[in-house]
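Below is one structure, written out as structure tokens, with a few remarks after it.
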Amino acid sequence: MNKTSVDESVPPDLPALKDKLRELLRYASVSRLRSHTGAAEVEARELGCGFSPGRILASNMVFILVSGDALRLTFKVHFNTGAARNLAFGIFGGNSPADISERLSIDYFKEYANLVAGSIVTLLAENGVELGISLPLSTRGFYEVFSDYAEKQRPIITYCDFWELRANGHDIHCSTLFEILNPRQLGHLAAYEISEETGNDDAEMDFL
Amino acid sequence: MSHINLDLQASHKMLMLLDEANTNTESVLDSIPGIFLIVNENHEVLRANLEFVKLLGIDSEDILRLPLSKLFRKESWKIFAHNIKQIVESETAGASIRFEMGLATGNDAGHGERIFHWTLTGRSTKNQGEGRLITVFGDDISEMRETERRLLRVFTSIPLGIFTMDKDGTIGDSYSSYLESLLDCGKLAGTVVDDVLFKPALASMTPDEIGGIGAIRQCVGKSVLGYGAFSRTFPQEIFHNTQTDSKHGRWLKITYQPIVFDRIVEQLLIILEDRTAIVNAEREMLDAALDREKAVALEKQSLARYEEAIRDPLTGLYTRLYMKDAVAALLWSHDHHEISELSMAIFDIDHFKNVNDSHGHKNGDRVLREVAGVILGQSPEIPIRFGGEEFLVFIPDRHEAAFCLAERVRREVEAMRIDLGGAVIQVTISAGIATHRQGETLDDFMHRADQRLYLAKNNGRNQTMPGPENQPGEARLFDATFPE
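Heads up: the protein sequence lines correspond to chains P and C, in order.
So in numbering that gives the first Met the number 0, spot 38 of the first sequence is number 37, and the numbers just go up one at a time.
So in numbering that gives the first Met the number 0, spot 143 of the second sequence is number 142, and the numbers just go up one at a time.
Written out as structure tokens, the structure is:
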């Protein structure tokens, strides 16, 4: 993996940077779900027009923090236990999805959040952006109501993204709160193109 | 390892603790008894406890965004939604509304409805996606209400009037449908107790009882310590009559029970018992007892008069009046073989007219009493003064027994000396004996005895003449064998 040095003298194209970060997160979520579920196809979709940030998307939620000097990402996976059991059943096996305990199904998505976060860390590390990953935390989907998705430009650039994924006929939702702490360190990301090689990168992550 | 990684490592430990704490907190929320919900301002369920999921019998997956309106009947939901709107629109933080409402737990909203006591509380949390949040607590009070209904049915079915009197002297709660009937008043709530209970009874109340009416109202609102002094003057039983005719009135026994809060008599529980039937029954029993006493007195009086009528006041013997009743029974018994023999002796004092003429009627009466005393001394069955100086004796025995009795009387009279205050006289008596023949009338029976008496008189008096069945020789035989 080649690491790129960051040129902070280039003024950032913020809209392009925001879109690129969205793209990276969505890409990571799709690619990791494909590998985590073994699904041949994972479809990413926009949420319905009736959606507003803060709306509860599912009965359960796992979130993980990806944090560095330049960027902070709060990635959330919103899922219902039924979908989680079915997707986990594809990996863990057993007699039926009903035999998958709620605990195990939650752990399954904690691991998924880890994979997505790890993927992002890898992608950004290639671009010279150092990030760390927290432990994934699970809670009821209800607590989404306490999230603050208001877009801000200062002191920290804050924005969000919401999308839906479908794998093996089961839907889950993802959301990310982006907090850009130092745009100049990220300015070069706007031109970054994800290669096929990068997409298949299942390299070992440095989980802490 | 960079300082970032070290920081994250420390944070990981904290997150693990938070994760565990969160799991425990969620478990506590799931276990909240009754119904616990968090709903948004569009009435969608966002969070529910396990009891709610169990109550509805649906999958926990289906709880999120369950429309709350589905749980209520249309009319109930209008009220529930209105209350939620009140909370959402309230500017007061933590605004709360409490109310009771049925929850349709079955498929059919009209059936299986259970009464809950609801508490809606507004949360300060509000976001673009869900709007204002409301917590909903529901306590199932259907069993409590059912118990209340059963108790109320008991109250309303017993023949008592039960109600509470408030501080202002009006009827608060009525616990008996019988009360309206008792007080002959259709609308009781808010009515002044004095007007409906005591006013129609004033006519039959004593001044002390009327004074006690005021004490009933005065004791409410005062310390329970002084209640005893008030209660002693309360009217205990009244004749309640709303009609002009007294037969429509009711006797009401009144019981008072103070309802005390913080040592103050807040209300009076008043219990009315209709004692009309009991009072009427007691009166009827009293009247019956008086009637019985009168009847007994009348019977005694009648008996005394009868006794007077059948007893000769001079001699103490029975009169002819009694003879007809008593001897008729004897004759019937003999005719029907209940007694084997029936005999009679008829006595007549010899030359009694001379006694009257010589010594006066008063002394004549004295002689009659003395002779009667001799007859009574023989304890015959039925001794009778037949008239004047003539006496009869009936005995349920053979001719010989009658003859012997007559002879004992005759001899005793003969031996008797009567002091008439200056003159001592001796009298004799004659007697005739007859034995009853079955089917024979009293007159015929007496006639035959009288014939024997006549023979005794003609034969020289002071003797007993046996019946014709007994020859003169036999008469002598009796005479000869008569014990001294």
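For every residue, glycine included, the Cβ atom is placed at its ideal position computed from N, Cα and C.
Which chain C residues are close to residue i, counting only those with a beta carbon under 7 Å from its beta carbon?
i, result
"PHE225(P)", "Because residue 225(P) is not part of the residues shown, which for chain P are 0 to 207, the question remains open."
"GLY81(P)", "GLU60"
Could one say the Cβ of residue i lies closer than 8 Å to chain D's Cβ atoms, at least one of them?
i, result
"GLU99(C)", "Note that chain D does not occur in the displayed structure, where the protein chains are P and C."
Please classify residue i as buried or exposed, where buried requires at least 16 neighbouring CB atoms within 10 angstroms.
i, result
"TRP331(C)", "exposed"
"PRO467(C)", "exposed"
"GLU406(C)", "buried"
"ASP147(P)", "exposed"
"LEU36(C)", "buried"
"GLU292(C)", "exposed"
"CYS173(P)", "buried"
"ARG97(C)", "exposed"
"HIS333(C)", "buried"
"ILE90(P)", "exposed"
"GLN242(C)", "exposed"
"HIS446(C)", "exposed"
"SER156(C)", "exposed"
"HIS335(C)", "exposed"
"ARG216(C)", "buried"
"CYS403(C)", "buried"
"GLY109(C)", "Any reading at GLY109(C) must be qualified, since the residue scores a pLDDT of 48, below 50, and its modelled position is unreliable; no value is offered."
"ASN305(C)", "The sequence shown places Tyr at residue 305(C), not Asn. Result: exposed."
"LEU23(P)", "buried"
"LEU302(C)", "exposed"
"LEU297(C)", "exposed"
"GLU143(P)", "buried"
"MET0(P)", "In this prediction, MET0(P) scores a pLDDT of 48, lower than 50, which makes its location untrustworthy; no coordinate-derived value is stated."
"GLU129(C)", "buried"
"GLY93(C)", "exposed"
Determine which residues share a DSSP beta bridge with residue i and list them.
i, result
"ALA103(C)", "GLU112(C)"
"LYS347(C)", "Sequence inspection shows Asp at residue 347(C); the Lys mentioned does not correspond to that position. Answer by DSSP bridge pairing, in chain order: GLU389(C) and SER429(C)."
"MET464(C)", "GLY431(C)"
"THR275(C)", "THR275(C) is not bridged to any residue."
"GLU163(P)", "ARG44(P) and HIS172(P)"
"MET60(P)", "HIS77(P) and THR138(P)"
"ASN126(C)", "GLY130(C)"
"VAL65(P)", "LEU72(P) and ILE132(P)"
"ILE417(C)", "ILE424(C)"
"GLY19(C)", "Looking at the sequence itself, residue 19(C) is Glu, so the reference to Gly does not match. Its beta-bridge partners do not exist; DSSP assigns none."
"TYR158(P)", "PHE177(P)"
"PRO257(C)", "LEU267(C)"
"SER173(C)", "PHE162(C)"
"LYS84(C)", "None, per the DSSP bridge assignment."
"GLY121(C)", "ILE133(C)"
"ILE382(C)", "Just to set this straight, residue 382(C) is Pro in the shown sequence, not Ile. DSSP output for PRO382(C) lists VAL392(C) as bridge partner(s)."
"ASP18(P)", "DSSP output for ASP18(P) lists no bridge partner at all."
"PHE98(C)", "TRP117(C)"
"VAL191(C)", "THR169(C)"
Please confirm whether any heavy atom of the ligand ZN lies closer than 7 Å to the CB of residue i.
i, result
"GLY56(C)", "What this structure holds is no ligand at all, so the ligand ZN is not there to describe."
In chain P, which residues lie less than 8 Å from residue i when you measure between Cβ atoms?
i, result
"GLY128(C)", "PHE50, SER51, PRO52, GLY53, ARG54, ILE55, GLU143 and VAL144"
"LEU49(C)", "The contacting residues do not exist; LEU49(C) stays about 13 Å from chain P at best."
"LEU45(C)", "ILE55, PHE141 and VAL144"
"LEU63(C)", "ILE55, ALA57, SER58, ASN79 and GLY140"
In chain P, which residues lie less than 9 Å from residue i when you measure between Cβ atoms?
i, result
"LEU132(C)", "VAL144"
Along the stretch 32-63 of chain P, where does the CB come closer than 8 Å to a CB of chain C? Name the residues. PHE50, SER51, PRO52, GLY53, ARG54, ILE55, ALA57 and SER58
Residues, ordered as in the chain, of the stretch 121-152 of chain P that lie near chain C by beta-carbon distance below 9 Å: GLU129, LEU130, GLY131, ILE132, SER133, LEU134, PRO135, LEU136, SER137, THR138, ARG139, GLY140, PHE141, TYR142, GLU143, VAL144, PHE145, SER146, ASP147, TYR148 and ALA149
Taking any Cβ of chain P, which residues in the stretch 141-152 of chain C have a Cβ under 8 Å from it, in chain order? none
Could you run through the stretch 9-41 of chain C and flag, in chain order, every residue whose CB is less than 7 Å away from some CB of chain P? SER10, HIS11, LEU14, MET15, LEU17, ASP18, ASN21, GLU25 and ILE37
Ordered list of beta strand (DSSP E) runs contained in the stretch 24-62 of chain C, each at least 3 residues: 34-39 and 44-47
Residue ranges of each alpha helix (DSSP H) run of no fewer than 4 residues wholly in the stretch 220-255 of chain C, ordered along the chain? 226-230
Which runs of the alpha helix (DSSP H) spanning at least 4 residues fall entirely within the stretch 307-359 of chain C, listed in chain order? 319-334
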